[in-house]
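Numbering that gives the first Met the number 0 puts the first residue of the sequence shown at 0, with every later residue one more than the last.
As structure tokens, the structure follows; a few thoughts come after it.
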Amino acid sequence: MLHYCCKFIPYYRDREEYSAGFRRGGVKTLPVIDKMLVRGEIDNMTLPGADLNSSWRNVSSGSTGTPLECYFDRYAASVVDKATFYFPMFDRGLRVKDCLGRMSSRELHDWWMDLGFMRERSINIVGDPRASIQNMVKWGVNCLYLSPSFGQTLASANEQMGYPFRSRLTFTSSETLFPPVTELLEQFLGGPVVDTYGSAEFPGVAWTCEEGNYHLIPEQLVEVLDTRGERVSPGETGMVVITSLHNKIMPLIRYNTQDVAIMGENDGCQCGRRWPYIKRIEGRSNDFLVDKNGEAITPMALGPIHKEYRRIKQVKVVQRRRGEATIYVVLENPGDDPSQFPGVRKVMDSLRSRIRFDIEIVDSISGKGNKQRLAESSVKPEW
0 MLHYCCKFIP YYRDREEYSA GFRRGGVKTL PVIDKMLVRG EIDNMTLPGA
50 DLNSSWRNVS SGSTGTPLEC YFDRYAASVV DKATFYFPMF DRGLRVKDCL
100 GRMSSRELHD WWMDLGFMRE RSINIVGDPR ASIQNMVKWG VNCLYLSPSF
150 GQTLASANEQ MGYPFRSRLT FTSSETLFPP VTELLEQFLG GPVVDTYGSA
200 EFPGVAWTCE EGNYHLIPEQ LVEVLDTRGE RVSPGETGMV VITSLHNKIM
250 PLIRYNTQDV AIMGENDGCQ CGRRWPYIKR IEGRSNDFLV DKNGEAITPM
300 ALGPIHKEYR RIKQVKVVQR RRGEATIYVV LENPGDDPSQ FPGVRKVMDS
350 LRSRIRFDIE IVDSISGKGN KQRLAESSVK PEW
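Dropping the structure here:
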């Protein structure tokens with residue numbers, strides 16, 4: 000793929016560092032690019048003469064800014080990306096005769112469904128969750144694929160209705176999965192819960208095994224790098240940087256996803272799979288809060304708030320100044336005091352010496368794109 004890019008893609012072809020890096024020994028010698036650079040060089044990042052209008056297009060949610068349009072050739076979209084989408088599910092126990100309920104705003108259909116295999120049903124993300132539960136029971140849905148936040152909505156509705164629905168496998172995607180949310184989904188929807196990791200730029204990257212580690216699908220090269228661009232050691236935190244190995248229309252080499260992860264060990268996982276893995280996806284880089292000393296606070300520290308799903312409809316922690324943040328909440332009962340909720344109290348007490356929280360009750364919380372993020376900070380930490 001490096002040779003292909005240096006020969007056919009203008010951005011890489013016209014820069015000496017790529018051809019020199021290819022000669023010196025590969026990807027790790029090449030510069031890291033990001034979304035802003037790709038957006039500014041989009042004409043040079045795509046294959047000259049390619050019909051972008053007829054190619055498969057994927058648009059990022061815009062959760063960290065302006066959405067990015069990504070283009071894929073037909074083979075990458077119809078074969079490789081579908082394979083990387085379904086492979087983790089079959090690895091964790093999905094069967095061809097299962098009926099998979101997928102969070103979607105459109106009807107889902109592929110040729111194999113006409114043969115009675117892999118039936119899929121679209122679950123409306125904006126409709127009444129009680130109606131969705133009733134439909135899933137009527138359709139015979141026995142496995143789910145959805146975002147953690149939408150899963151919480153369905154779990155709450157299922158609990159209120161007396162658990163008419165039970166999922167054999169629940170797959171999550173699109174958002175950071177917090178441990179309390181995993182517990183909630185397994186208890187009130189069914190499990191085990193399997194998290195899948197990907198993005199608009201790289202649809203299928205990794206999935207969790209029984210040990211909770213994210214095993215990397217070898218259709219792209221994944222690195223975890225520190226602020227100097229060096230690969231981190233096992234157990235250390237860094238930015239996820241990915242290189243495309245199959246998209247010939249818009250290949251991305253060493254693309255900084257702005258996701259933060261903890262690198263896995265080199266000696267394999269206890270689950271028995273020999274694939275390399277990431278220990279945990281911490282979230283987006285601007286999901287991290289910054290304490291009064293400038294140090295980063297992982298969004299995982301905010302996880303206990305999710306335990307208050309019965310009393311909190313929506314929640315978001317927003318930071319605009321170092322050492323200060325506001326917890327915006329939409330309450331089920333507007334008369335409640337969220338500062339006394341155990342989950343909220345636990346977060347505030349555990350971080351009291353590092354950051355001051357204010358709480359503001361609001362009527363609604365809107366987000367960028369179609370993703371729900373627990374935290375968002377405009378303050379850059381000292382990594």
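Glycine included, C-beta positions come from ideal geometry on N, C-alpha and C.
Residue i vs residue j beta-carbon contact at 8 Å
i: M102; j: S146; result: yes
i: E40; j: Y3; result: no
i: E281; j: I304; result: no
i: L36; j: Y17; result: no
i: D258; j: A374; result: no
i: L99; j: E119; result: yes
i: G203; j: G211; result: no
i: P87; j: T195; result: yes
i: N246; j: D72; result: yes
i: T242; j: V26; result: yes
i: E200; j: L251; result: yes
i: M249; j: M44; result: yes
i: E385; j: G293; result: Since the first and last residues shown for the chain are 0 and 382, residue 385 lies out of range.
i: S377; j: Q339; result: no
i: S54; j: Y70; result: yes
i: R372; j: D290; result: no
i: M135; j: F177; result: no
i: I124; j: M160; result: no
i: T83; j: I216; result: yes
As assigned by DSSP and simplified to three states, the class of residue i
i: G285; result: The residue asked about is misnamed: residue 285 is Asn in this sequence, not Gly. Helix.
i: M88; result: helix
i: A75; result: helix
i: L36; result: helix
i: A324; result: strand
i: G368; result: Interpretation of G368 is limited by its pLDDT of 49, a score under 50 that renders its predicted location unreliable; the figure taken from the coordinates is listed afterwards. DSSP places G368 in coil when its eight states are reduced to three.
i: M0; result: coil
i: C98; result: strand
i: I358; result: strand
i: C208; result: coil
i: I216; result: coil
i: M249; result: coil
i: V343; result: helix
i: T256; result: strand
i: T65; result: coil
i: I41; result: helix
i: V31; result: coil
i: T242; result: strand
i: T236; result: strand
i: A49; result: coil
i: E16; result: helix
i: K315; result: strand
i: S352; result: coil
i: V329; result: strand
i: V221; result: strand
i: S26; result: For clarity, residue 26 is Val in the given sequence; the question names Ser instead. The answer is helix: DSSP assigns V26 an H, G or I state.
i: S59; result: coil
i: S377; result: coil
Contact set for residue i: own chain, Cβ-Cβ below 6 Å, skip 5 residues either direction
i: D33; result: N255
i: I326; result: V316, F356, I358
i: G237; result: V223, L224, D225, V231
i: F187; result: A154, N157, E158
i: S284; result: Q257, V259
i: G139; result: C98
i: R167; result: N141, C142
i: G342; result: P303, I304, K306, E307
i: N384; result: As displayed, the chain neither begins before 0 nor continues past 382, which places residue 384 out of reach and without an answer.
i: I122; result: G100, M102, S131
Chain-order list of residues whose beta-carbon lies under 8 Å from that of residue i (same chain, five-residue window excluded)
i: L330; result: R310, I311, K312, P337, I360
i: V240; result: V31, V221, E222, V223, L224, R253, Y254, N255, T256
i: R38; result: T65, L67
7 Å CB neighbourhood of residue i in its chain, flanking five on each side removed
i: V192; result: T169, T171, T181, L184, E185
i: Y162; result: none
i: C208; result: H214, C268, C270, R272
i: L244; result: M0, E218, Q219, L220
i: P233; result: M262, G263, E264, N265
i: F7; result: L46
Contact test: residue i Cβ vs the ligand ATP heavy atom, cutoff 7 Å
i: L67; result: Because no ligand of any kind appears in the structure shown, any question about the ligand ATP cannot be addressed here.
Margin query: Any contact between the stretch 70 to 78 and the stretch 142 to 151? By contact I mean 3 or more CB pairs, one from each, below 8 Å.
Written below: Contact between the stretch 70 to 78 and the stretch 142 to 151 is absent, because fewer than three Cβ pairs lie under 8 Å.
Margin query: Taking 8 Å as the cut-off, does the stretch 212 to 222 touch the stretch 270 to 279 (at least 3 CB pairs, one atom from each stretch)?
Written below: By the C-beta criterion, the stretch 270 to 279 is judged to be in contact with the stretch 212 to 222, since at least 3 inter-stretch pairs fall below 8 Å.
Next item on the list: With a floor of 3 residues, list each beta strand (DSSP E) that falls wholly inside the stretch 114 to 202, ordered by position along the chain.
Entry: Annotation note: the stretch 114 to 202 contains the following uninterrupted beta strand (DSSP E) runs of length 3 or greater, listed N- to C-terminal: 118 to 122, 142 to 145, 168 to 171, 192 to 196.
Check: What are the complete alpha helix (DSSP H) segments, minimum 4 residues, inside the stretch 269 to 313?
Finding: Those alpha helix (DSSP H) runs which fall completely within the stretch 269 to 313 and span 4+ residues do not exist here.
Note to self: Three Cβ pairs or more, each shorter than 8 Å: is that satisfied between the stretch 347 to 357 and the stretch 290 to 309?
What the structure shows: A contact between stretches requires three or more CB pairs, one per stretch, nearer than 8 Å, and the stretch 347 to 357 meets this requirement with the stretch 290 to 309.
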